[in-house]
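Please read the structure below before turning to the comments.
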Amino acid sequence: MLTVQELEKSFGTTKAVDQVSFHIQKGETYGLVGESGSGKSTIGNMICGLLAPTQGVVSFFGEELWKNNRFHRPKPGSLQVVFQDPQSSLDVRMNIRQIITEPLRALPREERLKKSSDDYLRELVRRVGMHEDHLTRYPHEFSGGQRQRIAIARAIITEPAFLILDEPTSALDISIQAQILNLLKSLQQELGLTYLFISHDMSVIRYMCDRVGVLYHGRLIEENETEALFTEPQEAYSQRLLASLPQMTKRS
Amino acid sequence: MQTPQTSPASHPAVVPERVPGTVQIFWSRFRKNPLTMVGGVIFILFVLIALLAPVLTGNDPNQVRMDLALQKPSAEHWFGTDEVGRDLFARVIYGTRLSLGMGISIIIVAGLVGTILGAVAGYLGGKIGQIIMRIMDVILAFPTLILAMALSAAMGPSLMNAILAIVIVKIPAFVRLARSETLVVKEKLFVKAAQTFGLSDTWIIVRHIIPNVITPVIIQMTLDLGDAILMVATLGFLGLGVQPPTPEWGAIISTGWRYFLDQWWYPTFPGIAIFLVTISFNIIGDGLRDMLDPRSAR
Chain F
1 MLTVQELEKS FGTTKAVDQV SFHIQKGETY GLVGESGSGK STIGNMICGL LAPTQGVVSF
61 FGEELWKNNR FHRPKPGSLQ VVFQDPQSSL DVRMNIRQII TEPLRALPRE ERLKKSSDDY
121 LRELVRRVGM HEDHLTRYPH EFSGGQRQRI AIARAIITEP AFLILDEPTS ALDISIQAQI
181 LNLLKSLQQE LGLTYLFISH DMSVIRYMCD RVGVLYHGRL IEENETEALF TEPQEAYSQR
241 LLASLPQMTK RS
Chain Z
1 MQTPQTSPAS HPAVVPERVP GTVQIFWSRF RKNPLTMVGG VIFILFVLIA LLAPVLTGND
61 PNQVRMDLAL QKPSAEHWFG TDEVGRDLFA RVIYGTRLSL GMGISIIIVA GLVGTILGAV
121 AGYLGGKIGQ IIMRIMDVIL AFPTLILAMA LSAAMGPSLM NAILAIVIVK IPAFVRLARS
181 ETLVVKEKLF VKAAQTFGLS DTWIIVRHII PNVITPVIIQ MTLDLGDAIL MVATLGFLGL
241 GVQPPTPEWG AIISTGWRYF LDQWWYPTFP GIAIFLVTIS FNIIGDGLRD MLDPRSAR
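Residue numbers (the UniProt record's numbering), protein chains in the order written: chain F, 1 to 252; chain Z, 1 to 298.
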């Protein structure tokens with residue numbers, strides 16, 4: 001579904017992303033893990049069109065997204081993003097209905113009208129664990145977890161095929177994290193979504209992902225099925241990352 | 001209230017409590033700030049005077065009565081009369097309409113145009129941004145009053161040209177303010193999110209940038225309103241703005257200052273009016289800034 005080939009991004013003389021290639025199959029969750037500054041969010045930004053790659057190819061359903069530093073947007077709404085910080089990703093000047101329906105502006109009229117109908121929105125907000133009464137409220141009236149549910153509703157309103165989840169739970173309390181992760185898992189099953197899951201948290205990655213790529217200083221140093229990576233990490237850095245999980249060391 | 005949510009995805013979540021609205025918060029802060037209240041009261045008084053001008057005085061501000069020239073303030077003529085016997089109280093009262101109306105329209109137009117230009121310059125950046133900012137630099141290179149005088153003289157003295165000239169010199173401050181706020185807002189994730197949806201720059205500027213930069217612009221507008229009214233009066237005084245016999249404060253003082261030594265009331269009352277209006281807007285503007293800007297919170 002999504003292929004990244006020899007993707008590179010330089011900022012000045014530093015290479016934030018260096019020769020990264022991976023492929024994501026329909027229906028799977030592909031994890032990108034690495035410490036801060038390893039380039040994982042930069043990769044996400046290049047896939048969703050926020051940042052032009054210095055070199056390399058990003059293709060979505062076989063179509064190249066970046067040609068000559070210009071972003072060729074796939075079918076509007078087919079590729080959506082959930083950002084890390086739900087405090088900043090929702091415009092406080094808009095009410096929830098306006099926030100959730102905003103991506104529809106880019107869709108054809110007929111689809112837009114259908115998906116902004118009261119029935120459709122009611123179904124949508126219930127699906128993410130919110131209530132239809134919330135539609136007329138404003139972001140500051142909600143907790144972090146609720147805001148992230150709103151951000152998820154905004155991402156799936158267009159019925160996307162592919163979702164980039166850029167550290168979707170990093171800004172949340174640990175108890176809320178699990179709820180959001182479970183919500184994402186059940187949405188994936190119900191809607192047949194494909195995820196690119198970006199995180200620095202190994203336990204979250206293990207819980208969510210089918211396959212994982214480990215980034216270190218902009219390079220993809222290891223890629224494997226999640227269980228294989230967690231039981232037999234090949235690279236020294238992956239082993240160090242795993243050692244950062246206290247419960248993992250105890251179990252092994 | 002941050003109630004931890006225990007409901008699974010299929011159940012309605014915890015309903016958050018209603019928080020006090022912006023208006024209520026604003027009003028409670030407004031009341032705790034006595035100086036701002038004073039400014040507000042003076043301002044409301046002037047608005048009432050402007051609206052009720054015909055009720056407050058039975059005299060026509062342009063009625064010439066040579067036999068009543070240069071009368072002292074009295075029960076009939078509270079502020080006295082001028083050199084052709086016009087009632088100064090009526091002229092000052094009707095002048096309130098003109099000064100407030102001109103000042104407010106100048107500030108609204110300049111604030112609006114400045115915000116749009118600043119948001120475009122800040123959000124798009126690049127060549128368009130450069131062009132906008134360099135034009136603003138050219139305007140800012142001149143002292144504002146001198147430029148307003150030059151523009152107004154070049155276009156010919158009239159009410160509309162005075163408004164236009166002051167609007168032009170007032171715009172750059174708003175552009176700079178709106179642009180610098182835009183540079184902050186455009187890095188926010190909700191703007192990035194809107195970009196990933198494939199929405200147009202126009203939509204993002206109108207729906208996200210402008211609503212999020214407008215608060216400091218509005219504060220600046222109230223701060224500048226007093227200054228705009230002062231500039232209207234200055235141009236009128238110099239004969240470059242509103243032309244006599246229109247009862248404009250600056251224009252009244254312009255003819256009245258020659259009589260100051262013997263007929264002190266002639267330029268004094270319009271002067272007091274200018275002073276009160278200007279200071280009330282400065283007080284309101286300062287108060288608003290303290291109330292709305294978390295960075296200057298005490």
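Yeah, the Cβ is synthetic: ideal placement off N, Cα and C, and Gly gets one too.
On a predicted model such as this, the values are computed, not experimentally measured, just so you know.
Per the coordinates, the alpha-carbon of P216 (chain Z) lies some 21 Å from the alpha-carbon of V277 (chain Z). Assignment of beta-bridge partners to K15 (chain F) by DSSP yields F:S10. Apart from sequence neighbours up to five positions away, the residues of its chain that approach E235 (chain F) with a beta-carbon distance below 6 Å are I221 and E222, ordered along the chain. Annotated as proximal: L50 (chain F) and K192 (chain Z), with beta-carbon spacing under 7 Å.
Under the 7 Å criterion on CB atoms, S88 (chain F) is classed as interfacial with respect to chain Z. What C48 (chain F) touches in chain Z, judged by beta-carbon distance under 8 Å, is T196, going in chain order. Three or more Cβ pairs closer than 8 Å define a contact, and the stretch 50 to 60 of chain Z meets that threshold against the stretch 85 to 100 of chain Z. By the rule that beta-carbons nearer than 7 Å mark a contact, A193 (chain Z) touches chain F. Scanning chain Z for C-beta atoms nearer than 8 Å to the C-beta of A106 (chain F) yields F197, G198 and L199, reported in chain order.
If one requires a minimum length of 3 residues, the beta strand (DSSP E) runs lying completely within the stretch 144 to 181 of chain F are 162 to 166, in chain order. From the beta-carbon of P211 (chain Z), the residues of chain F found nearer than 7 Å are R93. Under the Cβ distance rule, P168 (chain F) does not count among the residues neighbouring chain Z, no pair being separated by less than 7 Å. Secondary structure at E225 (chain F): strand, using DSSP grouped into helix, strand and coil. Ranked by Cα distance from M130 (chain F), the first of F:E8, F:S38 and F:R149 is F:R149. Secondary structure of R70 (chain F) (DSSP, three-state): strand. Among the bridge pairs identified by DSSP, I198 (chain F) is matched with F:L32 and F:D166.
Here G77 (chain F) is buried: its Cβ has 16 or more other Cβ atoms, across all protein chains shown, within 10 Å. The beta carbons of I209 (chain Z) and Y123 (chain Z) sit about 5 Å from each other, so the pair counts as a contact at 8 Å.
Interface criterion not met: the Cβ of K186 (chain Z) is under 7 Å from no Cβ in chain F. With a threshold of 7 Å between beta carbons, L189 (chain Z) makes contact with chain F. Not a single C-beta of chain F is nearer than 7 Å to the C-beta of H77 (chain Z). Selection F:L165, F:Y216 and F:D91 evaluated against Y138 (chain F) yields F:D91 as nearest (Cα-Cα). Within chain Z, the residues G198 have their CB atoms less than 7 Å from the CB of R73 (chain F), given in chain order. Shown here, G271 (chain Z) sits in a helix according to DSSP, grouped into three states.
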